[in-house]
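I have placed the structure first, in the form of structure tokens, so that the comments after it can refer back to it.
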Amino acid sequence: MTDSDATVRLDGASPPTETDDRSSVGRSGRNWVAQTSGFTYRTLRDVSRSWTVLAVAVGLPPVMYLLVTATREFDPTTKGLFAVGIAVLGAMIASLTVFGSQLAVDLETDRFAAYRSIAVRPSADFAGRVTAGLVVAGLALVFGLGVGALDGAPVGVTGVLPTAVSVVSFLGLCVVFMAVAIPIVVAANNEQYAQFVLSLVAVFGFMLTGYNGMLPSVAVLDGSVVDLLPNVLATRTIAVQLVTSQSVTSVGVAAERPRLAPLAVYSVVAAAFGVLLTRWQLYDRGIGR
Amino acid sequence: MSDPALVAESLGRSFGDTTVVDGIDLTVAPGEVVVLLGPNGTGKSVLASCLAGGLSPSEGSVHTPEGEPATTPGAMSYLLQDGLCLDRLTGRENVAFYEKLNPSFTDRWRTLVETFDISGQLDDRVDRYSGGTRRKLELAIALSVEAPVYVLDEPTAALDLTTVREVHHQLSRLRDRGKAVLMTTHLPMDADVADRIVFMTDAGIVTTGTPEAIKSSVPPVVETSLGNADTISDDVIGGQLFRGDGVVRGLLDPTTDPSTVTDGRSEVRVTDPTYADVFNYYTHLDRRAGDEPG
Chain A
30 MTDSDATVRL DGASPPTETD DRSSVGRSGR NWVAQTSGFT YRTLRDVSRS
80 WTVLAVAVGL PPVMYLLVTA TREFDPTTKG LFAVGIAVLG AMIASLTVFG
130 SQLAVDLETD RFAAYRSIAV RPSADFAGRV TAGLVVAGLA LVFGLGVGAL
180 DGAPVGVTGV LPTAVSVVSF LGLCVVFMAV AIPIVVAANN EQYAQFVLSL
230 VAVFGFMLTG YNGMLPSVAV LDGSVVDLLP NVLATRTIAV QLVTSQSVTS
280 VGVAAERPRL APLAVYSVVA AAFGVLLTRW QLYDRGIGR
Chain B
89 MSDPALVAES LGRSFGDTTV VDGIDLTVAP GEVVVLLGPN GTGKSVLASC
139 LAGGLSPSEG SVHTPEGEPA TTPGAMSYLL QDGLCLDRLT GRENVAFYEK
189 LNPSFTDRWR TLVETFDISG QLDDRVDRYS GGTRRKLELA IALSVEAPVY
239 VLDEPTAALD LTTVREVHHQ LSRLRDRGKA VLMTTHLPMD ADVADRIVFM
289 TDAGIVTTGT PEAIKSSVPP VVETSLGNAD TISDDVIGGQ LFRGDGVVRG
339 LLDPTTDPST VTDGRSEVRV TDPTYADVFN YYTHLDRRAG DEPG
């Protein structure tokens with residue numbers, strides 16, 4: 030192959046026309062999709078070889094669940110709620126650490142200088158990492174629920190609508206936590222330190238809210254605050270849909286309340302916040318890095 | 089000469105209260121290889137990053153015919169020093185990543201990995217690579233981009249002599265195809281590939297010109313064996329001698345007549361400066377900032 034044979038995708042500098050404008054938009058869109066998929070693929074490859082991230086995100090929460098249920102007696106409904114709370118904890122850890130660990134490596138090596146020179150779109154970067162985080166978080170959630178189900182917790186899928194509502198809640202929760210990861214990673218500026226702090230954020234979020242709002246009696250935070258937090262909103266929504274015990278509706282946490290709407294607001298704000306943070310803190314070349 | 093492909097005007101970059109580069113004016117024309125030569129720690133990498141759009145200047149401006157760098161995807165290829173590849177991925181996976189990021193990425197990397205003799209290691213994780221192999225992979229990635237401007241930060245660092253020559257050949261091919269190339273280095277031998285040398289020290293750009301002009305701006309060299317070092321120390325600038333292969337060399341003091349240096353001293357000779365002498369002169373001896381030989 031000669032140099033001139035190599036595929037060239039740069040365009041010439043001919044005067045723009047309306048057709049050019051349309052093709053420019055199309056080309057820009059294709060670049061965005063390619064960059065997004067690049068970050069997704071790379072993050073998943075990287076995480077698949079990072080046993081510490083996988084062990085903490087996917088393995089640790091089910092181990093915690095089994096330790097607790099082996100040493101304490103729960104009624105079936107409480108056991109189901111606890112299983113959902115723990116499974117969502119896994120999704121929270123995965124969201125934070127999968128999104129954050131590679132971000133930290135990129136920051137440590139100043140690789141964003143290369144991304145900036147390529148004119149990578151910050152929204153494509155954010156979306157690519159979020160997509161990869163969702164894949165691992167979904168795995169952690171399903172694995173956590175599966176362990177609970179195998180242990181006898183009354184959790185399961187009862188229809189399309191409950192599944193769809195659970196998926197939407199899960200997506201909203203993950204986007205919020207991934208946006209939260211950005212300032213933490215920027216402050217840590219070190220992969221190991223960032224992983225440690227991000228895992229702590231998830232575990233503290235779980236404990237302070239009474240196992241993601243599943244057992245409010247053990248929550249450290251005031252109940253009125255707990256009710257408003259995104260991890261609690263998402264976990265309670267999922268619990269109502271997936272805990273199959275007949276008596277779940279009689280439990281206070283499962284009472285009918287609008288949860289999806291505030292969660293949607295959280296996630297939309299978090300997505301916008303995440304893109305802006307990615308631009309300001311990672312791609313803005315004016316920062317004093 | 090055609091319009092410059094890359095222009096920096098009064099470029100400065102500070103980090104907090106520390107100014108790393110200040111008042112830099114620099115151009116690179118299409119079909120020109122500019123070698124930014126200088127010792128470690130003088131801000132060459134920061135300057136390269138500003139030129140490539142990796143860092144924004146604190147002062148001054150950088151522009152290309154397309155506008156500011158890093159505003160058009162694929163308009164620039166930037167070789168980041170030791171930071172392009174992710175350790176836990178294989179070489180092939182790293183290539184695939186940049187192929188997706190950069191719309192100007194070509195399949196030229198297939199030829200380059202053969203040329204650099206790393207095709208057999210593409211499926212190994214990068215954290216198992218030697219420093220040289222890693223550099224070759226990063227070069228293959230950077231040179232696979234079809235861009236009008238290439239900014240390469242120390243592309244020959246950690247490479248063996250044969251590969252350095254191959255890199256020079258690759259840069260010459262870019263020049264032949266009308267590309268603008270700027271590379272930073274602290275290795276004098278990289279001057280071999282230069283159309284123009286820009287020499288940078290703590291004081292900023294101290295001289296710039298063609299290789300011939302740069303060499304002619306440096307005094308002749310006095311050379312003798314290691315054991316005779318004392319006999320020439322009075323004839324060289326500042327009495328400062330530099331070790332070579334079994335010899336010591338110094339830059340002839342402008343007040344000394346070259347013909348008197350060798351009189352009666354068979355082991356002493358006066359020669360033309362090499363790029364290593366040029367490097368020593370501008371790094372250790374010359375403080376004439378702004379001296380431009382042409």
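For the record, the sequence lines run as chains A and B.
In this text, residue positions in the first sequence follow my numbering: the first is 30, and each later residue adds one.
In this text, residue positions in the second sequence follow my numbering: the first is 89, and each later residue adds one.
All C-beta atoms, glycine included, are put in the ideal place defined by N, C-alpha and C.
For clarity, every value in this text was computed on a predicted model and none was experimentally measured.
Counting only residues of its own chain and dropping the five nearest sequence neighbours on each side, Ala117(B) has a CB closer than 7 Å to the CB of Met89, Ser90, Pro92, Ala93, Ala268.
Taking a contact to require three or more Cβ pairs closer than 8 Å, the segment 99–113 of chain B and the segment 135–154 of chain B qualify as touching.
The beta-carbon of Ser149(B) is placed no less than 7 Å from the nearest beta-carbon of chain A. Beta-bridge annotation (DSSP): His151(B) is paired with Val95(B). At a cut-off of 7 Å, the C-beta of Ser124(A) has no neighbouring C-beta in chain B. Along the segment 176–195 of chain A, none of the residues has a CB nearer than 7 Å to a CB of chain B. In the DSSP assignment, the residues bridged to Phe330(B) are Arg337(B). Counting along the chain, the unbroken beta strand (DSSP E) around Val237(B) starts and ends at 237–241.
For Thr126(A), the enclosing alpha helix (DSSP H) begins and ends at 105–137.
Non-local C-beta neighbours of His256(B) in its own chain, meaning closer than 7 Å and more than five positions away in sequence, comprise Asp280, Val281, ordered along the chain. Close to Gly129(B), with beta-carbon spacing below 8 Å, lies no residue of chain A; the smallest spacing is near 16 Å. The beta carbon of Ser276(A) is closer than 6 Å to those of Thr106 in its chain, skipping five residues each way along the sequence. Under the Cβ distance rule, Gln224(A) does not count among the residues neighbouring chain B, no pair being separated by less than 7 Å. Here the segment 177–191 of chain B makes contact with the segment 63–75 of chain A; the two share three or more CB pairs at distances below 8 Å.
When secondary structure is reduced to three states using DSSP, Ile211(A) falls in the helix class. Ile112(B) carries a strand assignment under DSSP once its states are collapsed to helix, strand and coil.
Take Ala208(A), set aside five residues on each side of it, and the residues of its chain with a beta-carbon closer than 8 Å to its own are Ala299, Ala300, Phe302, Gly303, Leu306, in chain order. Straight-line spacing of the CA atoms in Val127(A) and Ala291(B) works out to 44 Å.
Interface with chain B (7 Å Cβ-Cβ cutoff): Val62(A) is excluded. Chain B places a beta carbon closer than 7 Å to that of Asp75(A), counting this residue as a contact. By the Cβ rule, the segment 196–215 of chain B does not count as touching the segment 79–98 of chain A, because fewer than three pairs are nearer than 8 Å. Assignment of Val85(A) by DSSP, reduced to helix, strand and coil, places it in the helix class. For Met271(B), the pairing in a beta bridge is given by DSSP as Val123(B), Leu240(B).
In this structure, DSSP gives Phe193(B) an extended state, which the three-state scheme calls strand.
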